[in-house]
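For the protein sequence lines, the chains are A and B, in the order given.
Quick note: the first sequence uses the working numbering, first residue 3, plus one each step.
Quick note: the second sequence uses the working numbering, first residue 3, plus one each step.
Below is one structure, written out as structure tokens, with a few remarks after it.
Number of protein chains: 2
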Amino acid sequence: MEGEENKKFAEYFIGKSYLSFLNDKEVYIFNITFEPGCRNNWHIHHGAGQILICTGGKGWYQEQGKEARLLKSGEIVYIPPEVKHWHGAVIDEGFAHLSLALPAENSSNEWCEPVTDEEYEKLNYKK
Amino acid sequence: MEGEENKKFAEYFIGKSYLSFLNDKEVYIFNITFEPGCRNNWHIHHGAGQILICTGGKGWYQEQGKEARLLKSGEIVYIPPEVKHWHGAVIDEGFAHLSLALPAENSSNEWCEPVTDEEYEKLNYKK
């Protein structure tokens, strides 16, 4: 696993993840690695969006009211500001993505409810 | 090779490269793949920098007046604006990197002289 255990945001994740900070010049870049089954809570980026670059394993990205999208290495996701969403690994394989964000004034993250085991498992067992 | 042959900028490259455009929201993201021995000319980004995320193979990054840096997958390079530099593959292996740039007003690229075979080969045969 790359980086240190993600304790700072652990309360907003189900399962274990790892975080490493890669760049703070012009664009913030983090690497996030999710153990199988790990996902973050529904959340919203206010003020600026986020870009995910998938670098390993398989994962999910879902926006509220839409079908979840299965992600694999090389794929890119643009998450617009103000859109409620979650991302994480599939149930039986780890996942890693880079996370890019512009340093924007007055930007913030709003953390919401977890993705329940029921909705997560339904997703994974029909894939 | 990922993407189409990079004909648009071919006059500023020695060797063959491939370009694909991946994202235009908030941050421009390209993938650039270099065949072995391929490198771009010395050049300068005016107004905004560039970030390289190495995704495969082995390559070089060099700023004017400094030692060349050998790059491999997973490494990140921040290229400040106004710094003359070049990048490309090593002589015996291909190289791929993502290239990130902020959409900045009044930004431009200044293309300069090629990296000569002599300086490029010296670098490669001492590595």
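Idealized CB from N, CA, C, for every residue including glycine.
Keep in mind the model is a prediction, meaning the values are calculated, not measured.
When C-alpha distances from residue 88 of chain B are compared across B:30, B:101, B:24 and B:63, the shortest belongs to B:63.
Between the alpha carbons of residue 57 of chain B and residue 117 of chain A lies a gap of roughly 31 Å. Under the three-state reduction of DSSP output, residue 8 of chain B falls in the coil class, being neither helix nor strand. CA-CA distance, residue 75 of chain B to residue 96 of chain B, rounds to 11 Å.
By alpha-carbon distance to residue 30 of chain B, the top candidate from B:110, B:104, B:11 and B:108 is B:104.
Three or more Cβ pairs closer than 8 Å define a contact, and the stretch 23 to 43 of chain A falls short of that threshold against the stretch 39 to 46 of chain B.
DSSP places residue 128 of chain A within a helical segment (H, G or I) once states are collapsed to three. Residue 127 of chain B is classed as exposed because its beta carbon has fewer than 16 other beta carbons within 10 Å across all chains shown. Annotation for residue 110 of chain B: 48 place their beta carbon closer than 6 Å to its own, counting only its chain and skipping 5 residues before and after. Counting only the Cα atoms, residue 24 of chain B lies some 21 Å from residue 91 of chain B. Restricted to the stretch 51 to 118 of chain A, not a single alpha helix (DSSP H) segment is unbroken, complete and at least 4 residues in length. Of all residues in the stretch 19 to 36 of chain B, the ones placed with a Cβ closer than 7 Å to any Cβ belonging to chain A are 24, 25, 27, 28, 29 and 31, in chain order.
Straight-line spacing of the CA atoms in residue 8 of chain B and residue 72 of chain B works out to 23 Å. Using a Cβ-Cβ cut-off of 8 Å, residue 51 of chain B counts as an interface residue toward chain A, since at least one Cβ of chain A sits closer than that to its own.
The beta carbon of residue 78 of chain B falls within 8 Å of a beta carbon belonging to chain A, placing the residue at that interface. In the DSSP assignment, residue 25 of chain B falls within the beta strand (DSSP E) that extends over 19 to 25.
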